[in-house]
Amino acid sequence: MRDGDMTLPDVIKTYDLPLNVSVNRFCEVAGIGHTRFYELAKEGAVRLRKNGRSTTVPVEDLYQLLRGEQAAA
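Quick look at the structure:
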């Protein structure tokens, strides 16, 4: 099964992901670098969430990126 054919529950199970992922884990699963990640964040393609000093991203945004869609704002 290609990433583009996976449902959100498939992505969560396959990559053993919580509902919000760290920037590092997002980049690892998506196969992108931090520079590209922050470009996507600036474009609004991924949403950043602050949890104290940590920054996380909703796993839905990773799913949409893997499917080639843009995250909802």
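Counting in the numbering used here, the sequence shown runs from 17 upward without gaps.
Here a beta-carbon is modelled for each residue, glycine too, at the ideal position from N, C-alpha and C.
Model, not experiment: these values are computed from the prediction.
Using three-state DSSP, classify residue i as helix, strand or coil.
{"i": "P25", "result": "helix"}
Is it right to say residue i is buried, meaning 16 or more other beta carbons lie within 10 angstroms of its own, or is it exposed?
{"i": "D77", "result": "buried"}
{"i": "N36", "result": "buried"}
{"i": "L81", "result": "buried"}
Note down, in chain order, each residue of its chain lying with its Cβ closer than 8 Å to the Cβ of residue i, except the 5 sequence neighbours on either side.
{"i": "R65", "result": "N36, T71, T72, V73 and P74"}
By Cβ distance below 6 Å, which residues in the same chain neighbour residue i in space, the five residues on each side in sequence not counted?
{"i": "D26", "result": "none"}
Would you say residue i lies against chain B (beta-carbon separation less than 7 Å)?
{"i": "A61", "result": "Going by chain labels, chain B is absent from the structure shown, which holds only one protein chain."}
Quick one: what's got a C-beta closer than 7 Å to residue i's C-beta in the same chain, skipping five residues either side?
{"i": "G49", "result": "C43"}
Whole alpha helix (DSSP H) elements within the segment 25-89, 4-residue minimum
39-46, 50-59 and 75-83
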